[in-house]
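Quick notes on the structure that follows.
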Amino acid sequence: MSAADAVLFVTPEHNRSVPAALKNALDVGSRPYGKSARSGKPGAVFSASPGAIAGFGANHHLRQSLVFLNVPAMAQPEAYLGGADKLFDATGKLTSEGTRKFLQEFMQAYAAWVEANAKS
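Counted the way this note's numbering counts, the sequence shown spans residues 12 to 131.
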């Protein structure tokens, strides 16, 4: 993690929050205090869910944690992928052209965010 220039978090939603394993990884990685491997690295949050609200709760809960962990998160565009279970075929290939376009735009914005905010 310390060698990474940035961090992209992609998460499902569990009970309006992030999965316990992700929260635990964030907590363990934040120690010892003042020596977090992620501190100051630009980040972005992407949530996906089969539900209509697309992981909104997880996305925003994770953003709150990132503030405390000193990971500046890209504000726009926000990324919520609702109905995710219907967007891929049996082989895992994305079938929605509109979603593909959005993901490409999101990743371009993220690359620009990292370029502008990563520490050398």
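Don't be surprised by glycine CBs; every beta carbon is placed ideally from N, CA and C.
Given that a residue counts as buried once 16 or more other Cβ atoms are within 10 Å of its Cβ, and exposed if not, what is residue i?
| i | result |
| --- | --- |
| Ser50 | exposed |
| Thr22 | buried |
| Asn70 | buried |
| Gly66 | buried |
| Phe79 | exposed |
| Ser76 | buried |
When you compare only the Cα positions, how much space is there between residue i and residue j?
| i | j | result |
| --- | --- | --- |
| Ala86 | Tyr121 | 10 Å |
| Gly54 | Ala31 | 20 Å |
If you drop the 5 nearest sequence neighbours on each side, which residues of the same chain put their C-beta closer than 7 Å to that of residue i?
| i | result |
| --- | --- |
| Val28 | Per the sequence presented here, residue 28 reads as Ser, with Val not at that position. Closer than 7 Å at the Cβ level, and outside the excluded window around Ser28, lie Gly68, Ala69, His72. |
Checklist entry - Can you find at least 3 beta carbon pairs, one from the region 114-124 and one from the region 24-40, that sit closer than 8 Å? => result no
Checklist entry - Is the region 53-60 close to the region 88-97, with three or more CB pairs under 8 Å? => result yes
Checklist entry - Which residue spans inside the region 25-74 form an unbroken beta strand (DSSP E) run of at least 3? => result Segments of the beta strand (DSSP E) lying fully in the region 25-74: 54-59.
Next on the checklist: At 3 residues or longer, what runs of the beta strand (DSSP E) sit wholly inside the region 64-130?
Outcome noted: Fully enclosed beta strand (DSSP E) runs of 3 or longer: 90-92.
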